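Chemist:
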Amino acid sequence: MRVGAWRSDAIYYSSVRAVLNHRSMSSFHDDVPQPVRVCWAKVELPKLRPEQTEALTAWIEAGRRGQIIMPTGTGKTEVAFAAMRETKIATLVVAPVRDLMYQWHRRILGAFGYDAGIVGDNLFNIKPITVTTYDSAYIHMDKMGAGFGLLIFDEEHHLPGKCRREAAILSAAGMRLGLTATPERSDGLHRDLDWLIGPVVYQMPFKSAKGSTLADFDVVRVPVALNDLEQATYDQCSRVIRHFITSRRKDLPGYTWRDLCKESGKDPKARHAQKAYYLKQSVEDRAAEKLRVLEDIFRLHNGQQILVFAGSNAMAIEVSRRFLVPTILSHTRKRERLAALEGFAKGLFTVLVANRVLDEGVDVPEAKVAVVIGGQASTRQAKQRLGRVLRRSGNARATLYEVVCESTKEVERSRKRRRSDAYERTLHRRV
Amino acid sequence: MLTSEHSIVEYKAGRAIPDRLTQNTHRHYMDYAEKMLSIYRNGIGRQRRRLHRQIEALFADEADCPTRRIQAFCKLLDDASVFRTDPSGKAARLRLEVFSRAACRHPLVQQPDRLFEHEERKVKAQLADGFGTAWDQIEQALYADVMAFQQLEEFAGYCDPGALLSRYNVSQLQACLYRAESMTVLATDDLKTILRYAKLARLLHEIKRLGPSKYAIVLAGPASVLRDTRIYGVNFAKFLPALLACKGWKMTAILQTPWNMRAKLDLSEKDGFTSHLPSLEEFDSRLEESLAKKFGQARDGWQLVREGEVLHDRQKTFVPDFTFSHKDGTQVHLEIVGFWTPEYLAHKRQTLRRFKHHRILIAVPEKSLRQGASIGANVLVYKTAIKLNALIEALDRIRIKDP
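Just so you know, the protein sequences line up as chains C and L, in that order.
Numbering of the first sequence is given in the numbering used here, commencing with residue 11 and proceeding in unit increments.
Numbering of the second sequence is given in the numbering used here, commencing with residue 3 and proceeding in unit increments.
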């Protein structure tokens, strides 16, 4: 009453309006700026599948407010795009990590021909359609709370955290869409999603994941791009290899990688090509952006135990040096290994980085979040890694992040890994 | 010494041809060798990884150079170097300390904001202050124990480029022989030296006399030994330089190829490998040394003779490690066996029967005995050292039983 008026959080804007309307107090003034309408330059969306249409309809019928729960890989993003197509209003998309935010940006450009604004990653560029992360949404919502008519929360289970919920509370947007595969949180805060976003309006049934030996869990793939220098190196290496192989195949049509290796002792060009191949691998393995994604994931899962699997000793050490977290490498001595494992189990260390050694029968403490930032596609490895993350303890959600370099071999490997039967029981996000 | 991962062998018509760089075929490698030595000589303080990259870069445009050869050179150069290691686990302790202090500030972010205030740069600077040093110093020390990051402290090196190349050639030969099932050495003048080194290396051996001062020594190869193949392989490799430094010999080795076939390797003094007799310190002769020292010249009526005589029985030859003579005139020969296989022991028994008019005591390491192995009266079992009391007891037992 300090200002001589009733006050309320922006989230209640719609309900306050509705009540005032209902009481036919037609004389009230609404000074809240209205979100702008948008006109799509083009709309290129794939035809929705029946269950996607069903989800969209349910959301619209619920007053364009609510949560849609669909397993990973069933096209949540497409439903979100369809919602945007229907609403044609200023929209803020909130993604978990910066690289997924950029992915939304790219996909919006592809679907609507719209170059969305970005808030986050040192950018503050608000446009009628803007993408952001949970952290940036919380930090900047006071400056943009009134501008949007629709909020889309990707992986909505990150929203109810102590601070991040502010993003939903400080916005006047009347339309809200939450997307997730599994809303449950171990702290029970997911119940607050009902008022932060709206009730669950659609839930696609899980078929096989539950109750199987592998608990149901999320596989979130985070694509990262190589930076300019890395990309230049990578492309240069690709050219060297391609050039060499093509020139050889002119004379020997069946020329393979094995032939190249055999020849590498006799021909410096073959050896160059061989070296280029290993350099490519190492560029992917140690892409600088992976460290940035890790920072985001550590932010997102603050307070949770996280296992990080690196593809090489070098990368594991790099992560350790950047974040000052313990590593377990193949040559780590027993004493240090035990100290690191024990510290992790007790919660002294929240992160443990391993190269592939944790694959073989090491008793790893439980964790509900694992990040794979490199490594070869191999069924057994994948299984072991997953099993470890998913070892059952309570019913807290488990998430596996796969950080892969975009448009390189790693994407293929990630696909290959997914096809392995360890993953068959789970449902995936399709990128 | 190289490992089998460095080995380059060509198998051709049943013969094994280990990689060899000669004046005729690889004259230009002298230049490379010179440059390699200078990289290491000027590389004090550099990390191992960096040195290896420099060596690799040297060969970037060389037409004739398999990757394994480069790796082998790196290994041989490393072998002649001293790197700063961390035997007391200082780096590991530092890591735990740093990570523990940083744990409460996790996650270290690049851009602090209202949610996460611990900026990587600042936290690291603060931590460094706590240690009273600069962060760069800590970061360098943090993983200093990882092989690739170890710094070169000293490079004893090879006296000249030729020495490095000779060492390379011998090393490839050694690595090739890790695959040996057996080796037969025909020896003449230098029999005793060859035999001495074979014994120092504790190789399983059998000696035949072919004629006056003409002997065949048959050695079991690493590929035939059932247990401790790795240690045996290293010992086998150690023996080779000694053989190469001797005169008047020929040898044939039977190798197992990677495709499980047999291949032969012939070698003689004439092949011109350069080598020196290895120093005795390279061998683990502690057992013999300490026994001789402990026993002294004489004890309890027994006298010790170091250089045992060579015993002949037609073609069979037996060379004991020690001979003990009792004042009553009894002589007992002692042979110390380091490795053995059931076949080898069976063979030894046969030899012993041949020489039954001699009194022979055999010392066998306990760890190589199979469970329930029957130990004869003339077998002495030892753990890490031969105990004097047990030895004298055994000597007396043989003397009295068999007057």
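Virtual Cβ for every residue (Gly too), placed ideally from N, Cα, C.
Treat the numbers as computed from the prediction; the structure is a model and nothing was measured.
What does a CB cutoff of less than 6 Å around Lys86(C) pick up in its chain, not counting 5 residues either side in sequence?
Modeler: In the first sequence, the residue the question calls residue 86(C) occupies position 76. For Lys86(C), where only same-chain residues beyond five positions count, the Cβ hits under 6 Å are Met80 and Leu189.
Chemist: Identify every residue that forms a DSSP beta bridge with Asn135(C).
Modeler: As a position in the first sequence, residue 135(C) is number 125, starting the count at 1. Paired residues: Ile128(C).
Chemist: Take His8(L) and list the residues in its own chain whose beta-carbon comes closer than 7 Å to its own, dropping the five residues that flank it on each side.
Modeler: Position 6 of the second sequence, counted from the first residue, corresponds to residue 8(L). Result list for His8(L): Arg70, Gln73, Ala74, Lys77 and Ala177, in chain order.
Chemist: Would Ser281(L) be called buried (16 or more neighbouring beta carbons within 10 Å of its own) or exposed?
Modeler: In the second sequence, residue 281(L) corresponds to position 279, counting from 1. It counts as exposed.
Chemist: Determine the contact status of His335(L) and His360(L), defining contact as a CB-CB distance below 9 Å.
Modeler: Start at 1 with the first residue of the second sequence, and residue 335(L) comes out as number 333. Start at 1 with the first residue of the second sequence, and residue 360(L) comes out as number 358. Cβ atoms of His335(L) and His360(L): closer than 9 Å.
Chemist: Are Phe91(C) and Ala121(C) closer than 9 Å when you measure CB to CB?
Modeler: Residue mapping note: residue 91(C) aligns to position 81 of the first sequence, counting from 1. Residue mapping note: residue 121(C) aligns to position 111 of the first sequence, counting from 1. A contact, by the Cβ cut-off of 9 Å.
Chemist: Since Phe163(C) sits in a beta bridge, which residues does DSSP pair it with?
Modeler: The count along the first sequence starts at 1 and reaches residue 163(C) at position 153. Beta-bridge pairing links Phe163(C) to Val104(C) and Gly188(C).
Chemist: What residues from chain C crowd round Asp66(L), counting only those whose CB sits closer than 7 Å?
Modeler: In the second sequence, the residue the question calls residue 66(L) occupies position 64. Ordered by position in chain C, the residues that pass the 7 Å Cβ test against Asp66(L) are Lys276.
Chemist: If you measure between the beta carbons of His150(C) and Val129(C), is that distance less than 9 Å?
Modeler: Locating residue 150(C) in the first sequence gives position 140, counting from the first residue. Locating residue 129(C) in the first sequence gives position 119, counting from the first residue. In this structure, Val129(C) lies closer than 9 Å to His150(C) by Cβ.
Chemist: Am I right that Met38(L) and Leu79(L) are in contact with their C-beta atoms under 8 Å? What's the rounded C-beta distance?
Modeler: Locating residue 38(L) in the second sequence gives position 36, counting from the first residue. Locating residue 79(L) in the second sequence gives position 77, counting from the first residue. The pair is a contact, with the Cβ atoms about 6 Å apart (cut-off 8 Å).
Chemist: Is Thr63(C) closer than 9 Å to Val103(C) when the C-beta atoms are compared?
Modeler: Position 93 of the first sequence, counted from the first residue, corresponds to residue 103(C). Position 53 of the first sequence, counted from the first residue, corresponds to residue 63(C). No. Outside cutoff.
Chemist: Looking only at its own chain, which residues have a Cβ that is under 8 Å from the Cβ of Thr195(L), when we skip the five neighbours before and after it?
Modeler: For the purposes of this step, residue 195(L) is identified with residue 193 of the second sequence, where counting begins at 1. Only Ala244, Cys248 and Leu279 meet the Cβ criterion.
Chemist: List in chain order: all unbroken alpha helix (DSSP H) runs of 4+ residues lying wholly within the stretch 312-370 of chain C.
Modeler: You should have 323-333 and 344-356.
Chemist: Since Tyr425(L) sits in a beta bridge, which residues does DSSP pair it with?
Modeler: Residue 425(L) is absent from the structure shown; chain L starts at 3 and stops at 405.
Chemist: Roughly how many whole angstroms lie between the Cα atoms of Gly264(C) and Ala35(L)?
Modeler: Position 254 of the first sequence, counted from the start, is the residue given in the question as residue 264(C). Position 33 of the second sequence, counted from the start, is the residue given in the question as residue 35(L). Rounded to whole angstroms, Gly264(C) to Ala35(L) spans 38 Å at the Cα level.
Chemist: Report the three-state DSSP secondary structure of Trp114(C) (helix, strand or coil).
Modeler: Numbered from 1 along the first sequence, position 104 holds the residue referred to as residue 114(C). Three-state result, Trp114(C): helix.
Chemist: Using only the alpha-carbon positions, how far apart do Tyr217(L) and Met185(L) sit?
Modeler: The residue given as residue 217(L) occupies position 215 in the second sequence. The residue given as residue 185(L) occupies position 183 in the second sequence. When rounded, the distance between both Cα atoms is 13 Å.
Chemist: For Ser330(C), does the count of other Cβ atoms within 10 angstroms reach 16, so buried, or fall short, so exposed?
Modeler: For the purposes of this step, residue 330(C) is taken as the residue at position 320 of the first sequence. It counts as buried.
Chemist: Would you list, in sequence order, the uninterrupted beta strand (DSSP E) runs of no fewer than 3 residues that lie entirely inside the stretch 218-264 of chain L?
Modeler: Listed in chain order, the complete beta strand (DSSP E) runs (minimum 3 residues) inside the stretch 218-264 of chain L are 251-258.
Chemist: Using a Cβ-Cβ cut-off of less than 7 Å, give me the residues of the stretch 125-147 of chain L that come near chain C, in sequence order.
Modeler: Per Cβ criterion, the list reads Glu141, Leu144 and Tyr145.
Chemist: Under 8 Å, CB to CB, which of the residues in the stretch 109-122 of chain L have a partner in chain C?
Modeler: Residues Pro109, Leu110, Val111, Gln112, Gln113, Asp115, Arg116, Leu117, Phe118 and Glu122.
Chemist: Between Val335(C) and Val379(C), how many whole angstroms is the CB-CB distance? I'm expecting something under 8 Å.
Modeler: As a first step, residue 335(C) must be located in the first sequence, where it is residue number 325. As a first step, residue 379(C) must be located in the first sequence, where it is residue number 369. The Cβ separation is near 13 Å, so there is no contact.
Chemist: Taking the alpha-carbon of Ala324(C) as reference, which of Lys276(C), Glu294(C) and Arg302(C) has the nearest alpha-carbon?
Modeler: Against the first sequence, residue 324(C) aligns to sequence position 314. Nearest C-alpha to Ala324(C): Glu294(C).
Chemist: Output, in sequence order along the chain, the residues in the stretch 324-335 of chain C whose CB is closer than 9 Å to any CB in chain L.
Modeler: Going along the stretch 324-335 of chain C in chain order, one finds Ala324, Ile327, Ser330, Arg331, Arg332, Phe333, Leu334 and Val335 with a Cβ nearer than 9 Å to chain L.
Chemist: Apart from the five residues just before and just after Phe61(L), which ones in its own chain have a Cβ nearer than 6 Å to its Cβ?
Modeler: Reading the second sequence from its first residue, position 59 is the one you call residue 61(L). Excluding positions up to five away in sequence, the list reads Cys67 and Ile72.
Chemist: Quick check: what's the CA-CA separation for Ala408(C) versus Ser248(C)?
Modeler: In the first sequence, residue 408(C) corresponds to position 398, counting from 1. In the first sequence, residue 248(C) corresponds to position 238, counting from 1. If you take the alpha carbons of Ala408(C) and Ser248(C), they lie about 37 Å apart.
Chemist: Around the Cβ of Ala15(C), are there at least 16 other Cβ atoms within 10 angstroms (buried) or fewer (exposed)?
Modeler: In the first sequence, residue 15(C) corresponds to position 5, counting from 1. Exposed, by the Cβ-count rule.
Chemist: Name the chain L residues that come within less than 9 Å of Asp269(C), Cβ to Cβ?
Modeler: One-based indexing of the first sequence puts residue 269(C) at position 259. In chain order: nothing, as chain L lies at least about 14 Å away.
Chemist: Between the stretch 42-62 of chain L and the stretch 151-159 of chain L, do at least 3 Cβ pairs fall closer than 8 Å?
Modeler: As far as the Cβ criterion goes, the stretch 42-62 of chain L touches the stretch 151-159 of chain L, which means the pair count is three or higher.
Chemist: By the criterion of Cβ-Cβ separation under 7 Å, what are the contact partners of Phe101(L) in chain C?
Modeler: One-based indexing of the second sequence puts residue 101(L) at position 99. By Cβ distance, chain C contributes Leu334, Val335, Pro336 and Phe359.
Chemist: Using a cut-off of 7 Å between C-beta atoms, extract the partners of Glu305(C) located in chain L.
Modeler: Taking the first residue of the first sequence as position 1, residue 305(C) is located at position 295. Ordered by position in chain L, the residues that pass the 7 Å Cβ test against Glu305(C) are Pro109, Val111 and Gln112.
Chemist: Measure the alpha-carbon distance for Leu363(L) versus Leu393(L) and round it to whole angstroms.
Modeler: Taking the second sequence and counting its residues from 1, the one referred to as residue 363(L) is at position 361. Taking the second sequence and counting its residues from 1, the one referred to as residue 393(L) is at position 391. C-alpha separation (whole angstroms): 9 Å.
Chemist: Taking 9 Å as the CB-CB limit, is Ile10(L) close to chain C?
Modeler: Taking the second sequence and counting its residues from 1, the one referred to as residue 10(L) is at position 8. By this cut-off, Ile10(L) is an interface position.
Chemist: Assuming Gly384(C) and Ile207(C) are in contact, meaning their beta carbons sit under 8 Å apart, how far apart are those beta carbons, in whole angstroms?
Modeler: Position 374 of the first sequence, counted from the start, is the residue given in the question as residue 384(C). Position 197 of the first sequence, counted from the start, is the residue given in the question as residue 207(C). Gly384(C) to Ile207(C), Cβ: 35 Å. No contact.
Chemist: What three-state label does DSSP hand Arg361(L) in the structure shown?
Modeler: Locating residue 361(L) in the second sequence gives position 359, counting from the first residue. If DSSP states are grouped into helix, strand and coil, Arg361(L) belongs with the strands.
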